[in-house]
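For the sequence shown, this note's numbering begins at 58 and goes up steadily by one.
Here a beta-carbon is modelled for each residue, glycine too, at the ideal position from N, C-alpha and C.
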Amino acid sequence: MVEHNFDTALHEREGIEQPSQVNPYLQKRKRRELSVDEYVEGIRRGDRVILSRAITLIESTNPEHHQFAQQVIERCLPHSGNSLRIGITGVPGAGKSTFIEAFGTFLTTHGKKIAVLAIDPSSERSKGSILGDKTRMEQLSVDPHAFIRPSPSGLTLGGVARKTRETIVLCEAAGFDVIIVETVGVGQSETVVKSMVDFFLLIMLSGAGDELQGIKRGIMEMADALVINKADGDNVTPAQLARTRYQSALHLFPKNENGWEVPVTTCSSIEHTDIDKVWEIIAQFEALTKKNGFFEKNRNEQNVKIFYDWIDFTIKNNFFNRPEVQAAIEGLLPKVLAGEVTPYQAGSEVVGTEN
């Protein structure tokens, strides 16, 4: 009688060693840490990889990365300030991304190196809406003379703005001639962009009802030029009509201190028509303001604003990072929600913990 060993029947025989499910060649290798000198040298010679890594350091919330990034920025600062900074905003659907691609391509074909940065205060909710803009700029994103960088998600508008200003310094040190700052979100982002650029361009479109009701007066007052986009096909005549209306409306605004009369023009980003006119307007503005001193005056005023913004950021950051302040907020917040104390009383108590 043959004895059957049922235990061995359930035993898995040793087979051929299975390969790893992950291709070892595709496994992410830990990058070598660079020194401040290596970052600065790489940025100065236009190395896109090192520039991107430096911007990532700026965007990092790690305090050690922040201190390191500040050293890189300080070393790059003497090599910055030589670009023309252009802010671009517009109503939803105006075709900002399409315009930037057409405008950027025009500039690179004329020997300019451009960097496109974006400010998106809504990115904390949308989680990557800027990246959608980047993919729409297919031609520009592969242009060797262009650099597109989405702004970091999950930051407050002030945080994004501060990091964008620092990114501008690095891009200028990398040799970019034109820095384009695009507002992806709506609201206060226009004011923030205006405070960091030399020229502020407002993209509009026609055929959407009463154009003058579609944009806030405050944003129009900030603009150095208005461009009616999508002036192609059956929309050429409506675009010209919109141009006339906007031009008439601008005459009601106070005159600019710098002596510049805000022009209104039309273009087609899809057909790449009259894009050159937009660049001519910007070049005329630059020539005028550099001649009468307002170009430098504007930059000096921006530096003063950055100075005060940095003080404000540092004080708030240091205050809220104090353990006693955090404990006080955690203890008082439920009372505020329950209506046991007023927000003003709770705020005064929190501020008093510092003393």
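Secondary structure at M279: helix, using DSSP grouped into helix, strand and coil.
Going by C-alpha positions, I171 is about 24 Å away from K354. Listed as beta-bridge partners of L141 by DSSP are V235. DSSP, reduced to helix, strand and coil, places G316 outside both helices and strands of the structure shown, so it counts as coil.
The three-state reading of DSSP puts V249 in helix, counting H, G and I together. The beta carbons of E229 and S140 sit about 5 Å from each other, so the pair counts as a contact at 8 Å. For G152, the secondary structure class from DSSP, reduced to helix, strand or coil, is coil.
The way I'd put it, the region 296-305 doesn't touch the region 330-338; fewer than three beta-carbon pairs between them come closer than 8 Å.
According to the DSSP assignment, T323 belongs to the beta strand (DSSP E) that extends over V321 to T323.
By the neighbour-count definition (other C-beta atoms within 10 Å, threshold 16), N286 is a buried residue. Under DSSP, the beta-bridge partners assigned to T240 are I176. Pairing Q127 with N374, the inter-Cα distance amounts to about 16 Å. Just so you know, the alpha carbons of N313 and R142 end up roughly 19 Å apart. In the structure shown, R206 adopts extended strand secondary structure according to DSSP, grouped into three states. Residue state for T146 is assigned as strand, using DSSP reduced to three classes. Linking N360 to D366 through their CA atoms gives a straight-line distance of about 10 Å.
For the pair of segments examined, the region 230-240 was found to touch the region 89-101: the number of CB pairs separated by less than 8 Å reaches three.
Counted as a single uninterrupted DSSP element, the alpha helix (DSSP H) harbouring I100 occupies residues V93 to R101.
Secondary structure note for L345: its alpha helix (DSSP H) is the uninterrupted segment I332 to N349. Taking 8 Å as the cut-off, the beta carbon of K251 is found no closer than this to the beta carbon of M277. G150 and L262 do touch by the CB rule: their CB atoms are close to 7 Å apart, below 8 Å. Distance between V93 and F125, taken at the CA atoms: about 8 Å.
Per the C-alpha coordinates, the member of T323, D369, I327 and L345 positioned closest to A159 is I327.
Its chain contains H329, I332, D333 and W336 as the residues whose beta carbon lies nearer than 8 Å to that of F163, once the 5 sequence neighbours on both sides are disregarded; these appear in chain order. Following the DSSP letters along the chain, one finds L262 inside the beta strand (DSSP E) bounded by residues F256 to L262. Annotated as proximal: E343 and F352, with beta-carbon spacing under 8 Å. Of the candidates K153, V173, V217 and S198, V217 places its Cα closest to the Cα of E116. Counting only the Cα atoms, L258 lies some 40 Å from G404. With a cutoff of 8 Å on beta-carbon distance, I145 and E223 are scored as not near each other. Straight-line spacing of the CA atoms in H167 and F204 works out to 16 Å. A straight line joining the alpha-carbon of V249 with that of V398 spans about 35 Å. Under the three-state reduction of DSSP, V398 is assigned to coil, being neither helix nor strand. With at least 16 other beta carbons inside 10 angstroms of its own, G152 counts as buried. From the listed residues L309, N378, R132 and K348, the smallest Cα separation to G275 is found for L309.
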